[in-house]
Amino acid sequence: MDDDQHWMDVALAEALAAGAAGEVPVGCVIVRDGAELGRGRNRRQELADPTAHAEILALRGAGATCGTWHLDGATLFVTLEPCPMCAGALVLARIARLVYGAADPKAGAAGSLFDIVRDCRLNHRLEVAAGVGAEASAALLRAFFRSRRGSAGGDPQQP
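Here the sequence shown stands for residues 398 to 556, numbered as in our numbering.
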């Protein structure tokens, strides 16, 4: 669990950088055998790319580092539960384990709304650890959306 918290802290630092750049504050890091393979943060606005989610960018970095799209044995740490697009990409990349912070009841695809990463109909399934760094991740999202809406309320998962 200490390693999980360490790597979630790395993902949280990426989320902070995303928020500071005006992006939804989600960060991600991919690790295998204690070594970082790739990291990412949301950059949809910056890149004008609807697929520039933290997980997708981290997967691209890890693929470049490893020289293959097969990321067997790797663990992906992300501050917010992956959406369906990202969950599908994790399955296709053969990520072994997913560790996420805040749940996303409106778009989460690792157990909240869908469970793509553990769907037995697919050719690969991931081990999932939910809630690591959840409080810090959710607080970051709440603060970001509160500042965007100019109100004290708001849904932390709503962009």
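Virtual Cβ for every residue (Gly too), placed ideally from N, Cα, C.
By the Cβ neighbour-count rule, R546 is exposed, with fewer than 16 other Cβ atoms within 10 Å of its own.
Counting only runs of 3+ residues, the beta strand (DSSP E) found wholly inside the stretch 421 to 508 occupies 424 to 429, 432 to 438, 472 to 477, 494 to 499, in chain order. When secondary structure is reduced to three states using DSSP, V529 falls in the coil class, being assigned neither helix nor strand. Listed in chain order, the non-local C-beta contacts of A493 below 7 Å within the same chain comprise D469, G470, A471, T472, L523, E524, local neighbours out to five positions each way being set aside. In the three-state reduction of the DSSP assignment, D400 falls in the helix class. Sequence-distant Cβ neighbours of D399 in its own chain, meaning closer than 8 Å and more than five residues away, do not exist here. Residue burial annotation: T448 is exposed, with fewer than 16 other C-beta atoms found within 10 angstroms of its C-beta. Here D406 carries a helix assignment [DSSP, helix/strand/coil]. The shortest CA-to-CA distance from C463 to any of D401, R491, A445, L434 is the one to L434.
Between the alpha carbons of G460 and V514 lies a distance of about 19 Å. Distance from the CA atom of H521 to the CA atom of I427, rounded to whole angstroms, is 18 Å. A residue is called buried once 16 or more other Cβ atoms fall within 10 Å of its Cβ, and W404 is buried on that count.
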